[in-house]
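**Student:** So my numbering is basically just the index in the sequence shown, starting at one, shifted up by 36. Dropping a structure here in structure tokens format, bear with me for questions.
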Amino acid sequence: MAFLKANVAALVLAVLLVGAIVWGVLGAVSANEWESRAAALSAGLATAEESLAEAEASIEDLETAKERAESTATACIGAIDDADAMLEVSEKLDEKTLTYVEGLNDFIAAVTVGNVEAAEAVGAEMDKLTVQIEDLTKEIDGHIDDYGDSAEGCHVDDAQNA
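Structure (structure tokens):
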């Protein structure tokens, strides 16, 4: 006990020194742990930034694809409208052609029986029908050209590749 009383100050200093060393080691371990956490967080942040850049690129690609699809859809709608217009004019042309053929039969019948007045009247109607048929043919040709222009932009393969 005398030894303890004489060396109390030295023993207290030794215990404090050992405590300080242990505390320092624990602090170093803790600092190392924080450094590794920071490194992992930094790597995670870099990965997140990379993922964000890829997502932004994907969004841009999707926006481009959407614009192409909208353009293709617009062209397809135009082609459908042009095809409908062609069908409407084609129906009128069919009616006029049928009327012309019937008139031709009437004209031949009138000429065969020698009815000149009837033949001239039917011939005049046929001349009017000929002009109408030519106009309808020109109208169909215009719709065919329009359809060709619209149909160029309306390709399913292009829309799928967008």
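For glycine and all other residues, C-beta sits at the position ideal for the given N, C-alpha and C.
For G189, tell me which candidate among R104, E85, D117, E156 has the shortest Cα-Cα distance.
**Tutor:** R104
**Student:** E131 to K174, Cα distance in whole Å?
**Tutor:** 16 Å
**Student:** Report the option in A75, L98, S126, V152 whose CA atom is closest to the CA atom of I176.
**Tutor:** Ranking the options by Cα distance to I176, first place goes to S126.
**Student:** Are there 16 or more other CB atoms within 10 angstroms of the CB of H191, so buried, or fewer, so exposed?
**Tutor:** exposed
**Student:** Short of 8 Å in beta carbon distance, which residues of its chain neighbour M162, apart from the five on each side in sequence? Order them along the chain.
**Tutor:** Y136, G139, L140, F143
**Student:** Could you check how far apart the C-beta atoms of A109 and Y183 are, in whole angstroms? I think they sit under 8 Å.
**Tutor:** Wrong, their Cβ atoms sit about 16 Å apart, outside the cutoff.
**Student:** What would DSSP say about G139, mapped onto helix, strand or coil?
**Tutor:** helix
**Student:** In this structure, does DSSP put C112 in helix, strand or coil?
**Tutor:** Note: C112 maps to helix in three-state DSSP.
**Student:** Write down the C-beta distance between V147 and A155 rounded to the nearest angstrom, noting that I regard them as a contact closer than 8 Å.
**Tutor:** Yes, they are in contact, since the Cβ atoms of V147 and A155 sit about 5 Å apart, within 8 Å.
**Student:** Buried or exposed: which applies to D118, given that a residue is buried once 16 or more other Cβ atoms fall within 10 Å of its Cβ?
**Tutor:** buried
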